[in-house]
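>
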Amino acid sequence: MQADNGPPSSDAAARFDAYVTERGGELWRSAWLLTGDVHHAEDLVQAALLRTYGRFAAFDSERHFEAYVRTTLFRTFVSWRRRRHWRSEMPSALEPDTVADVGDDPPMQASDLRRALFSLPRSQRAVLVLRYFEDMTVIEVGELLQMPTSTVKSHARRGLVALRRSPHLLEQDMHS
Numbered sequence: 003m004q005a006d007n008g009p010p011s012s013d014a015a016a017r018f019d020a021y022v023t024e025r026g027g028e029l030w031r032s033a034w035l036l037t038g039d040v041h042h043a044e045d046l047v048q049a050a051l052l053r054t055y056g057r058f059a060a061f062d063s064e065r066h067f068e069a070y071v072r073t074t075l076f077r078t079f080v081s082w083r084r085r086r087h088w089r090s091e092m093p094s095a096l097e098p099d100t101v102a103d104v105g106d107d108p109p110m111q112a113s114d115l116r117r118a119l120f121s122l123p124r125s126q127r128a129v130l131v132l133r134y135f136e137d138m139t140v141i142e143v144g145e146l147l148q149m150p151t152s153t154v155k156s157h158a159r160r161g162l163v164a165l166r167r168s169p170h171l172l173e174q175d176m177h178s
């Protein structure tokens with residue numbers, strides 16, 4: 003990483019725009035998995051991009067910048083959560099779609115998985131999103147969320163147990 007020299011040059015600004023165009027959807031997906039709300043996800047991505055924009059030119063590669071943006075996104079989420087930025091959370095009313103078709107089992111509806119995920123406490127949901135959707139290690143999740151690895155493991159275990167017992171997913175099993 004190079005030193006921060008203020009606002010990016012026009013070339014860096016164009017590269018930043020291209021980065022947002024290419025990666026914005028993935029950033030939004032991560033934010034949506036955390037917030038459970040389309041508009042909060044958009045706000046979260048926008049806040050993370052605004053906080054990182056001036057540093058874009060300081061990074062030698064987009065891969066390193068991606069890690070910086072994602073770290074900022076998750077830390078902003080944690081910060082907002084601590085300040086109770088959102089008073090309530092309800093999964094958005096997106097059209098249900100298929101999550102996966104595994105073998106002979108009927109496909110699970112994404113809406114069922116969303117309802118189950120959003121019924122978890124925020125800390126468990128954040129750990130599960132980082133650990134299993136973002137494919138981060140326990141240590142990386144702990145560093146990002148500023149919690150001990152034992153707490154990360156505990157939240158992951160409790161979150162997975164809660165998902166397995168979720169009436170939203172059990173309901174899906176009963177209909178199959």
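Residue 14 in my numbering sits at position 12 of the sequence shown, and the numbers go up by one each step. For glycine and all other residues, C-beta sits at the position ideal for the given N, C-alpha and C.
1) Suppose only complete runs of 4+ residues qualify. What are the alpha helix (DSSP H) ranges in the region 122-161, listed by chain order?
2) What did DSSP end up calling S113 once you bin it into helix, strand or coil?
3) Count the C-beta pairs between the region 48-56 and the region 159-171 that are closer than 8 angstroms, then say yes if the count reaches three, no if not.
4) I believe A33 touches L51 by the beta-carbon criterion, under 8 angstroms. Please report the beta-carbon distance rounded to the nearest angstrom.
5) Look at A14 and A59 and say whether their C-beta atoms are less than 8 angstroms apart.
6) Return the first residue and the last residue of the alpha helix (DSSP H) that D13 is part of.
7) Pull up the CB-CB distance for R77 and L132, whole angstroms please, since I reckon it's below 8 angstroms.
8) Which residue marks the beginning of the alpha helix (DSSP H) containing F76, and which one marks its end?
9) Please classify R116 as buried or exposed, where buried requires at least 16 other C-beta atoms within 10 Å of its C-beta.
10) For the alpha helix (DSSP H) containing A43, list its first residue and its last residue.
11) Relative to the alpha-carbon of A128, which residue among S113, P169, R83 has its alpha-carbon at the smallest distance?
12) How big is the Cα-Cα spacing for V40 and S125?
13) Could you check if V163 is buried or exposed, using at least 16 other CB atoms within 10 Å of its CB as the buried criterion?
14) Alpha carbon to alpha carbon, what distance is there between A49 and T139?
Reading from the atomic positions:
1) 124-130, 140-147
2) In the sequence shown, residue 113 corresponds to position 111, counting from 1. DSSP places S113 in helix when its eight states are reduced to three.
3) no
4) Within the sequence shown, the letter at position 31 stands for residue 33. Within the sequence shown, the letter at position 49 stands for residue 51. With a Cβ gap of about 11 angstroms, A33 and L51 do not count as contacting.
5) Position 12 of the sequence shown holds residue 14. Position 57 of the sequence shown holds residue 59. In this structure, A59 lies closer than 8 angstroms to A14 by Cβ.
6) By 1-based counting over the sequence shown, the position of residue 13 is 11. Element bounds for D13: 12-37.
7) Here the question's residue 77 lines up with position 75 in the sequence shown. Here the question's residue 132 lines up with position 130 in the sequence shown. About 11 angstroms; that fails the 8 angstroms criterion.
8) To locate residue 76, count along the sequence shown from 1; it is residue 74. Its alpha helix (DSSP H) spans residues 64-84.
9) The count along the sequence shown starts at 1 and reaches residue 116 at position 114. Buried.
10) In the sequence shown, counting from the first residue as 1, residue 43 sits at position 41. Its alpha helix (DSSP H) spans residues 40-54.
11) Translated into positions along the sequence shown, residue 128 becomes position 126. Nearest option by C-alpha distance: R83.
12) Working through the sequence shown from its first residue, we reach residue 40 at position 38. Working through the sequence shown from its first residue, we reach residue 125 at position 123. Computed Cα separation, rounded: 19 angstroms.
13) Mapped onto the sequence shown, residue 163 falls at position 161. So V163 ends up on the exposed side.
14) The residue given as residue 139 occupies position 137 in the sequence shown. The residue given as residue 49 occupies position 47 in the sequence shown. So the two alpha carbons sit approximately 25 angstroms from each other.
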